[in-house]
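>
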Amino acid sequence: MSQTAIIAPKTILERLEILADAAKYDASCASSGTTKRSSAGGKGIGSTEGMGICHAYAPDGRCISLLKILLTNHCVFDCHYCINRKSSNTRRARFTPQEVVDLTLSFYRRNYIEGLFLSSGIVKSSSNTMEQLIEVARILREEHDFRGYIHLKTIPEADPELVARAGLYADRVSINVELPTVAGLTRLAPDKSATQIEGAMTSLKDSIVEAKDARKRFRNAPKFAPAGQSTQMIVGADAATDSDIVGRASTLYGSFGLRRVYYSAFSPIPDASAVLPLKRPPLMREHRLYQSDWLMRFYGYAPHEVQQAAGADGMLPLDIDPKLAWALQFRGDFPVDVNRAPRERLLRVPGLGVRAVNALIAARRQRRLHLADVGKLTVSVAKVRPFIIAEDWRPLLLTDRADLQALIAPKRSEQLELFAS
Ligand code: SF4
């Protein structure tokens, strides 16, 4: 008799445990910006709106409100930062497309999820893997009339026609640029090519724009990734500075019409490659990059202005937010009169968010605003005070004080505790 041990095939649950764990490193799981699909009236299954949608967050704060899994964590590529790379000694598993469909439907019916986030390691070939990802989405949409949210990670090396087909079934498609610089990508993901990644993102952008145009003219023209495309960059695995990352993100928004750029602080993985740093960057760094992203998208800051908030080493301060850092460097632009200044100048005031600015503008149509009125709209009036003029408040030479940052910034120890690595 043979002495070879017989390894029992893994159960669905065992594979789910492996493939959900393998997917947790991808941050780009937000479901914002999709169109409304409803199964009200007994038609279809699932909905991207309405009651009964479960939201859950992993202990590290990442969104897991979708069923977020890999089709397989086998991979023929060897990206150094990835636990699923071919040289990694991790447990492996794979699902068939039908198994992912069954899991999605059963989780949806139990109200655990509002949709599916599906990615995969690369097996056989990029096109073969892409075909299987699309097959999951096709079965869900065509055979089960599934109207929940589907986010497909697309594989840039796959046949462009397949990448385009993914957008016909998915709400959102994404291709990870992986690293902020081409040098970082070449060093840490030797099987990937920046040119291929950008080529695939350009095709997706063109398809999204074409589909939108077509739907303006013909109501029944097919939708294509109505929630747009997004990407993710790993922060802290290579030498790119925050200033480099801000520059790269702004190019990505401009060139590829991205809805979101996600920043994922590199986390050391078990069985890590020797070319990686041993320590993860502080999570606060990821947070500061998200804040800088908001400044560009919602507060009217040009990329070079956000970069001005960084120090000489190109890094954003960790102890204060980038908006305050910018204001401290450009004190000559303050104080701003809350009763007269245009919206874009109010948006520059540290401590005033978009909602607070909208509320101020609405309120000042009725009456002259006092400091107390502003105080009601902000978490910290101490932070706002040096930068504004109100009916009963003028900061005199407060913005000239050398110790201004110490006066208004939250205590470093308090803040860093929340985001310690
Ligand atoms: S292609 Fe690279 S990042 Fe993607 S699963 Fe394979 S090794 Fe990981």
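The opening position of the sequence shown corresponds to residue 1 in full-length UniProt numbering, with each subsequent residue numbered one higher. Note that the Cβ used here is the ideal one computed from N, Cα and C, for glycine as well. Quick caveat: nothing in here was measured; it's all calculated off a predicted structure.
1) Could you pull out every residue in the same chain whose Cβ sits closer than 6 Å to the Cβ of residue 100, ignoring the five residues on either side in sequence?
2) So, residue 129 versus residue 122, is the Cβ gap smaller than 8 Å?
3) For residue 38, count the other beta carbons within 10 Å of its own beta carbon; 16 or more makes it buried, fewer makes it exposed. Which is it?
4) Are there any heavy atoms of the ligand SF4 lying less than 7 Å away from the beta-carbon of residue 237, as far as the coordinates show?
5) Please state whether the Cβ-Cβ distance between residue 203 and residue 261 is less than 8 Å.
6) Starting from residue 187 and walking both ways along the alpha helix (DSSP H), at which residues does that stretch end?
7) For a test of the three-state rule: what should DSSP assign to residue 80, helix, strand or coil?
8) Kindly indicate the opening and closing residues of the alpha helix (DSSP H) around residue 381.
9) By how many angstroms is the C-alpha of residue 360 removed from the C-alpha of residue 286?
10) Pull every residue with its beta-carbon under 5 Å away from any heavy atom of the ligand SF4, and keep them in chain order.
11) Flag this pair as touching only if the region 215-230 and the region 160-177 have three or more C-beta atom pairs under 8 Å; answer yes or no.
12) From what residue to what residue does the alpha helix (DSSP H) around residue 209 run?
13) With distances taken from CA atoms, which of 110, 90, 114 and 404 is nearest residue 328?
14) Just to confirm the assignment, what range does the beta strand (DSSP E) spanning residue 115 have?
15) In the structure shown, what three-state DSSP assignment does residue 361 receive?
16) Buried or exposed: where does residue 238 fall if 16 or more other Cβ atoms within 10 Å of its Cβ makes it buried?
17) Using the beta-carbon count (16 or more within 10 Å), is residue 275 buried or exposed?
18) CA-CA distance, residue 381 and residue 395?
19) Look up residue 72 in the DSSP assignment and give the residues it is bridged to.
20) Terminal residues of the continuous alpha helix (DSSP H) containing residue 288?
21) How about residue 347 and residue 338: do their beta carbons lie closer than 8 Å?
In brief:
1) 136
2) yes
3) Confidence in residue 38 is poor, its pLDDT being 49 and thus under 50, which makes the residue's placement unreliable; the coordinate value appears in the next sentence. The residue is exposed, with fewer than 16 neighbouring Cβ atoms inside 10 Å.
4) no
5) In this structure, residue 261 does not lie closer than 8 Å to residue 203 by Cβ.
6) Here the alpha helix (DSSP H) through residue 187 covers 182-188.
7) coil
8) 381-384
9) 30 Å
10) With the cut-off at 5 Å, the residues found are 75, 77, 79, 82, 84, 85 and 121.
11) yes
12) 194-217
13) Checked all of 110, 90, 114 and 404; the closest Cα to residue 328 is 404.
14) 115-119
15) helix
16) buried
17) exposed
18) Our two residues, residue 381 and residue 395, have alpha carbons roughly 13 Å apart in a direct line.
19) 94
20) 283-298
21) no
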